[in-house]
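**Q** Below is one structure. I have some questions about it.
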Amino acid sequence: MNSRPRKIVCIGAGYVGGPTMAVIAARCPDVQVTVLDLNAERIAAWNSGSLPVFEPGLPEIIRQVRGRNLHFIPQAQGLAALAEADVVFISVQTPTKTSGAGAGKASDLQFVEACAHLIAQQARGHTIVVEKSTMPVRAAERIQQILSANQTGGTFAVLSNPEFLAEGTAIRDLEHPDRVLIGGEDPAAVAALKSIYAAWVAPEKILTTGLWSAELSKLAANAFLAQRISSINSLSALCEQTGADVAEVAAVVGTDSRIGPKFLQASVGFGGSCFQKDLLSLIYLCEHHGLPEVAAYWQGVVDINEWQKHRFAAVVQQAAANRRVAVLGLAFKKDTNDFRESAALAVCRRLLQSGLEVVAYDPRVDGTRFAAELGNPSHFSVASTAAQALAGAGAVAVLTEWDEFRSIAWASAKLSPGAMVCDGRNVVDRTAVRQAGYGLRVIGSAAP
Ligand SMILES: NC(=O)c1ccc[n+]([C@@H]2O[C@H](COP(=O)([O-])OP(=O)(O)OC[C@H]3O[C@@H](n4cnc5c(N)ncnc54)[C@H](O)[C@@H]3O)[C@@H](O)[C@H]2O)c1
409 MNSRPRKIVC
419 IGAGYVGGPT
429 MAVIAARCPD
439 VQVTVLDLNA
449 ERIAAWNSGS
459 LPVFEPGLPE
469 IIRQVRGRNL
479 HFIPQAQGLA
489 ALAEADVVFI
499 SVQTPTKTSG
509 AGAGKASDLQ
519 FVEACAHLIA
529 QQARGHTIVV
539 EKSTMPVRAA
549 ERIQQILSAN
559 QTGGTFAVLS
569 NPEFLAEGTA
579 IRDLEHPDRV
589 LIGGEDPAAV
599 AALKSIYAAW
609 VAPEKILTTG
619 LWSAELSKLA
629 ANAFLAQRIS
639 SINSLSALCE
649 QTGADVAEVA
659 AVVGTDSRIG
669 PKFLQASVGF
679 GGSCFQKDLL
689 SLIYLCEHHG
699 LPEVAAYWQG
709 VVDINEWQKH
719 RFAAVVQQAA
729 ANRRVAVLGL
739 AFKKDTNDFR
749 ESAALAVCRR
759 LLQSGLEVVA
769 YDPRVDGTRF
779 AAELGNPSHF
789 SVASTAAQAL
799 AGAGAVAVLT
809 EWDEFRSIAW
819 ASAKLSPGAM
829 VCDGRNVVDR
839 TAVRQAGYGL
849 RVIGSAAP
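Per our numbering, residue 409 is the first one in the sequence shown, and the count goes up by one each step.
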């Protein structure tokens, strides 16, 4: 097939599937895009005024294309679309395995495998199956096996097309990607997928590689990004001991054009559903292939991140001195409602375990879901404004870099006398905190 595919199905209406398909539908009005999910509630939310994913710019695009050439359908009702599809994207979760071989490290491919079974059974004619989910190297082999063992007459080509969007900037990343990566061995299938992205991405930014390189490149890119955060975070601790300031060090280091300024902000640590999971997947692959030294090298990036979260939680715990803690920010980063693997989960767990009372505020995260993730502890509650969370607190932990935390009116915040503000993101107005008479601890500086 050399012409542009006309019918696309995406299995998985999550943080990747929803925004990615919305942008494809917007940029390719001649292509019908159908997004399926087993979670009917999530599909209903995509069809409502209250989208399940908070992402700047997303509601505007959804308004433009939903019902025109983008359709969100519960999976059971979308089998006809699947049968007719020219291209099927698999965009389901690939979390770290919690049991069985490789538990705690290897990626769990059960959701992907379920998709492959479904595609094998439903697809008619020739279908291009695209791994959009992040996979371990050689996962496509497994998909190919499932497709050929279970097919009912259809033929398939499998491609790897890992997604590089970052939550919080997903629409910008999708509309203006640094690159689109297509890995595959079937030239016609590669050309067909390329023709979709070519509608808005310059040809030199559409990279093509072998399948295994594409799968590994995604893990490698996330490992390098996480490594930069752990590198600067490891130095933040040394700065606190020596009187150096990590922001100054990062600014100097980042001006080296070989290094660059991005991803050098010291913080309470990286979170999100991808960095740790993908590092662990890489570590597992290295161990599996008899490379323990390489595995240990990348394990260090994970370990520093865990250490940084716990180091900061200990600072907050000490600052609280048995008083109530206000946690500002539950999302793993600003401009998303996603709190998977967020620093807030780790810090709240530790504070609650030590018996402290925590009142949290986040402008976008659903506090009920966050509390449920913590196991609905009795000492945890959610405020509807930052001011409400701050009132009466003995310590404040700023855990997400939401813009509104930069301009908190500390002079009128009713913290308890002698309260300590612990800034895990280096966003608070330090002068305003000091002038209001509160103590301040920031990451990477001994005397803020
Ligand atoms: N979130 C990110 O920033 C990001 C960025 C790049 C790549 N990725 C990768 O993309 C993949 C998806 O991530 P996500 O954050 O969108 O996950 P998600 O959990 O938000 O969404 C996955 C969706 O798939 C659905 N699903 C699971 N199994 C299904 C099945 N058999 N049939 C139909 N639907 C099914 C789930 O109900 C869920 O709605 C992962 O592999 C992830 O590593 C994520």
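Don't be surprised by glycine CBs; every beta carbon is placed ideally from N, CA and C.
#1: Would you report the Cα separation of A855 and G677, rounded to the nearest angstrom?
#2: Considering only C-alpha positions, which residue in the set I432, I481 and P467 is nearest to E449?
#3: Pair every Cβ in the stretch 529-542 with every Cβ in the stretch 553-569, then say whether three or more of these pairs are closer than 8 Å.
#4: Return the first residue and the last residue of the alpha helix (DSSP H) that S639 is part of.
#5: Rounded to whole angstroms, what's the CA-CA distance from M409 to S603? Just pull it up for me.
#6: Answer with buried or exposed for K742, where buried requires no fewer than 16 other C-beta atoms within 10 angstroms of its C-beta.
#7: Using a Cβ-Cβ cut-off of 6 Å (strictly less than) and excluding sequence neighbours within five positions of G561, which residues of its own chain qualify?
#8: Between T542 and ligand 1, is there a pair consisting of the residue's CB and a ligand heavy atom that are separated by less than 7 Å?
#9: Using 10 angstroms around the beta-carbon of V660, count the other beta-carbons present and answer buried if the total reaches 16, otherwise exposed.
#10: Leaving out five residues on either side along the sequence, give the residues of the same chain with a beta carbon under 6 Å from the beta carbon of F497.
#11: Leaving out the 5 sequence neighbours to the left and right, which residues in its chain are closer than 6 Å to A607 when beta-carbon positions are compared?
#12: Taking the C-alpha atoms as reference points, what is the distance between A488 and Q530?
#13: Got a sec, what are the start and stop residues for the alpha helix (DSSP H) A734 sits in?
#14: Can you have a look at N745 and say buried or exposed, based on whether 16 or more other CB atoms are within 10 angstroms of its CB?
#15: Residues bridged to V710 by DSSP?
#16: Where do the N-terminal and C-terminal ends of the beta strand (DSSP E) with V537 fall, by residue?
#17: Should the stretch 677-691 be called in touch with the stretch 628-643, which here means at least 3 C-beta pairs below 8 Å?
#18: Consider the C-beta atom of V500 and the heavy atoms of ligand 1; say whether any pair is separated by less than 7 Å.
#19: By alpha-carbon positions, which one of A599, T663 and G426 ends up nearest to P611?
#20: Which residue spans inside the stretch 493-523 form an unbroken beta strand (DSSP E) run of at least 3?
#21: Should A574 be listed as close to ligand 1, given that the test is whether its C-beta is under 7 Å from any heavy atom?
#22: Whole angstroms are fine: how far does the CA of L764 sit from the CA of N730?
#23: Helix, strand or coil, according to DSSP, for R580 in the structure here?
#24: I'd like the ranges of any beta strand (DSSP E) spanning at least 3 consecutive residues and lying wholly in the stretch 544-614.
#25: Between R474, G486 and N834, which lies nearest to Q673 when the distance is taken from Cα to Cα?
#26: Counting Cβ pairs closer than 8 Å, one from the stretch 549-563 and one from the stretch 575-583, do we hit at least three?
#27: Buried or exposed: which applies to D445, given that a residue is buried once 16 or more other Cβ atoms fall within 10 Å of its Cβ?
#28: By DSSP's criteria, H479 is part of a beta bridge. Which residues make up the other side?
#29: Please report the Cβ distance between G802 and R732, rounded to the nearest whole angstrom; I am assuming they are in contact, meaning their Cβ atoms lie under 8 Å.
#30: Do you know how far the Cα of V657 is from the Cα of P830?
#31: For F747 versus A754, is the C-beta distance shorter than 8 Å?
#32: Classify V724 as helix, strand or coil using the three-state DSSP reduction.
#33: Just grab the DSSP bridge partners of S853 for me.
#34: What do you reckon, is the C-beta of G420 under 7 Å from a heavy atom of ligand 1?
#35: What residue from H718, E714, V773 and G708 has the CA that sits closest to G737's CA?
**A** To lay it out plainly:
#1: 21 Å
#2: I481
#3: yes
#4: L619 to T650
#5: For M409, the pLDDT reaches just 46, beneath the cut-off of 50, and the residue's location in the model is therefore unreliable, although a value from the coordinates is still provided. Going from the Cα of M409 to the Cα of S603 covers about 11 Å.
#6: buried
#7: none
#8: yes
#9: exposed
#10: C418, V538 and K540
#11: R435 and C436
#12: 8 Å
#13: Note, A734: premise wrong, no alpha helix (DSSP H); beta strand (DSSP E) at V733 to L736.
#14: buried
#15: Bridge partners of V710: none, in fact.
#16: H534 to E539
#17: yes
#18: yes
#19: A599
#20: 495-498
#21: yes
#22: 6 Å
#23: helix
#24: 563-568 and 588-591
#25: N834
#26: no
#27: buried
#28: T442
#29: 6 Å
#30: Sequence inspection shows Cys at residue 830; the Pro mentioned does not correspond to that position. So the two alpha carbons sit approximately 21 Å from each other.
#31: no
#32: helix
#33: V850
#34: yes
#35: V773
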